[in-house]
Amino acid sequence: MTGLMTSPTVQSLLEWGSAQGVQINGILPKNIIGRGLGMVATRDIRKGETLVTVPSSIARSVQSTPDWILEPLSHASCQAVLAVSLCLERDPGFTNWKRLFPTWDEVNASHPMRWPRKLVELLPRSTKSVLHDQEKKFWEDWLDVKYKFPGIGRNDFLHAWIIVNSRAFLYNPTAAREGHRDHVALVPVADLFNHHTRGGCSARHEGSQYVVRAVRNYQRGEELHVNYGKHSNDYLLVEYGFVMPDYENFYDITSLDEFICGRFTYQQATYLKTKDAWGHFELDTHGAVYRTKVALRLLTLPEIDWPDYLDGKKEITAEDMVFVNGLLREILGSWQKTLLSKMRTVEYSYIGEEGARDLLRYRLRQLRGLLMSALSRLDRPGWE
77 MTGLMTSPTV QSLLEWGSAQ GVQINGILPK NIIGRGLGMV ATRDIRKGET
127 LVTVPSSIAR SVQSTPDWIL EPLSHASCQA VLAVSLCLER DPGFTNWKRL
177 FPTWDEVNAS HPMRWPRKLV ELLPRSTKSV LHDQEKKFWE DWLDVKYKFP
227 GIGRNDFLHA WIIVNSRAFL YNPTAAREGH RDHVALVPVA DLFNHHTRGG
277 CSARHEGSQY VVRAVRNYQR GEELHVNYGK HSNDYLLVEY GFVMPDYENF
327 YDITSLDEFI CGRFTYQQAT YLKTKDAWGH FELDTHGAVY RTKVALRLLT
377 LPEIDWPDYL DGKKEITAED MVFVNGLLRE ILGSWQKTLL SKMRTVEYSY
427 IGEEGARDLL RYRLRQLRGL LMSALSRLDR PGWE
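Numbering-wise (our numbering), the sequence shown opens with residue 77 and increments by one.
Okay, structure coming up:
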């Protein structure tokens, strides 16, 4: 593992990991501008090569959690258990790993859960929806923990909870599908891989170890990634504290509900709910999704014609798209005004951490890019 310099903190982790049986092949952690630590190839890597193996014995999972923590939390979530375990960790060797976890100040800047409410209010509605769900999970977990481990403060627990949420690996998909809590784990060294929608490496639990393999060829000096899932930048921001750069997230999507739902009457909305066609009116990197197009078409039709579209008897045609595009252009115009207003507010605001404002500013600019891309498609002859 030569050719790249590592910091003393990283070197300590690698030495500790090596003593615990961690094996690294052809890669090394490196600071990457704008992304923090990431894994970089120290030589050309071939598809199928094993890059990292980590013994299960040094990972942190429900299975490896001491009984004196597990028993009081018998009904708590996996995330709550692991967060408590981090708060009460006493293994001296763990310090080598913990030094690379995000600090409290870094969490305050990067995770909307820690942003001031006035800054949160400037988030897009789709982001706030993800944030609401995350906050609900946290408070449920905190209520499970606060009386059983009174020595743990709420901020310490939240810090650990966010670390678990943003760094844990899904190692037992079957358990996750069946609702069992022992399905994620914190895995040292392997958690230094950054995310990319293209992936590039697989990370799996195999028997008594966690294994990361290359799923394509890499050149020396190239960063290697894993894929955290098919997530929008709204989801990545709330759950992980970052957004993918422009045009690199194939799964980016945002909601237009606040501009569409209010156009339906209460009775119409109730009817659409019975057809599972209410809400989630979205815009992705290709423009309005089909569900959004159907909703916009319904707004231009008498209600007697709605069942044909909702029951799949009629598809959206080129003729329909003339009406859809006209209404979509109007909605995107309203959204653009809202975005520009929020962007101006952030630009002249001193609320919260500078890093938080930078992230919010960047996300709003990305959404304007999605909007402008959709508008440009509407201007193309024959676009559907």
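We treat Cβ as the ideally placed atom computed from N, Cα and C, and that holds for glycine. The structure displayed is predicted, hence computed values, not measured ones.
As computed with DSSP, Tyr294 is found in a beta bridge with Ile121. With at least 16 other beta carbons inside 10 angstroms of its own, Leu436 counts as buried.
Contact check for Pro192 against Gly428 passes: the beta carbons are separated by less than 7 Å. DSSP lists Val128 as the beta-bridge partner residues of Ile100.
If you ignore the 5 residues before and after Leu149, its C-beta comes within less than 8 Å of the C-beta of Ala156, Val157, Val160, Asp220, Val221, Lys224, all in its own chain and listed in chain order. Taking Asp384 as the centre and dropping the five residues before and after it, the same chain places the C-beta of Lys390 closer than 7 Å to its C-beta, in chain order. Sequence-distant Cβ neighbours of Phe177 in its own chain, meaning closer than 8 Å and more than five residues away, are Ile239, Arg243. Proximity to Asp120 across Tyr304, Ser202, Tyr294 peaks at Tyr294, based on C-alpha coordinates. If you draw a straight line from the Cα of Arg441 to the Cα of Val183, it is about 22 Å long. Take Leu447, set aside five residues on each side of it, and the residues of its chain with a beta-carbon closer than 8 Å to its own are Leu359, Leu408, Trp411, Gln412, Leu415, in chain order. Look at His235 here: in three-state DSSP terms it is helix. Take the alpha-carbon of Glu423 and the one of Arg439: they are about 13 Å apart. Counting of Cβ neighbours within 10 angstroms places Lys106 among the buried residues, the total reaching 16 or more. The beta carbons of Thr129 and Val260 sit about 19 Å from each other, so the pair does not count as a contact at 8 Å.
Judged by beta-carbon spacing, Gly355 lies beyond the 7 Å limit of Asp328, meaning their Cβ atoms are not closer than that value.
Nearest neighbour of Asn270 by Cα position, chosen from Gly227, Phe357, Tyr316, His281, turns out to be Tyr316. In this structure, the straight-line span from the alpha carbon of Arg420 to that of Leu199 is close to 13 Å.
When the Cα atoms are used, Ala152 and Val138 turn out to be separated by approximately 11 Å.
In the structure shown, the three-state DSSP call for Tyr316 is helix.
Collapsing the DSSP output to three states places Phe399 in a helix. Taking 7 Å as the cut-off, the beta carbon of Phe340 is found no closer than this to the beta carbon of Thr376. Here Asp360 is bridged, per DSSP, to Ile329, Gly363.
Taking a C-beta distance under 7 Å as the contact criterion, Arg292 and Ser278 do not qualify as a contact pair. Sixteen is the threshold: since fewer than 16 other Cβ atoms of the shown chains lie within 10 Å of the Cβ of Pro378, the residue is exposed.
The shortest CA-to-CA distance from Ala95 to any of Trp382, Glu147, Gly169, Ser425 is the one to Gly169.
Membership of Cys277 in the beta strand (DSSP E) is indicated by the continuous run 277–282. Per the C-alpha coordinates, the member of Asn241, Val370, Arg373, Thr330 positioned closest to Thr361 is Thr330.
Short of 6 Å from the beta carbon of His281, and not among the five residues preceding or following it, lie these beta carbons of its own chain, in chain order: Tyr247. Cβ neighbours of Thr85 within its own chain (closer than 7 Å, five residues either side excluded): Arg175, Leu176. The beta carbon of Lys418 sits closer than 6 Å to the beta carbons of Leu198, Leu440 from its chain, once the five residues preceding and following it are set aside; these are given in chain order. Excluding residues up to 5 positions away in sequence, Ile392, Val400 lie with their Cβ nearer than 7 Å to the Cβ of Lys369 in the same chain. The Cβ-Cβ distance between Val314 and Leu443 does not fall below 7 Å. Secondary structure of Ala135 (DSSP, three-state): coil. Gln285 is classed as buried because its beta carbon has at least 16 other beta carbons within 10 Å across all chains shown. Burial state of Ser186 is buried, judged by a 10 Å Cβ sphere holding 16 or more other Cβ atoms. Straight across, the Cα-Cα distance linking Leu386 with Lys351 is about 7 Å.
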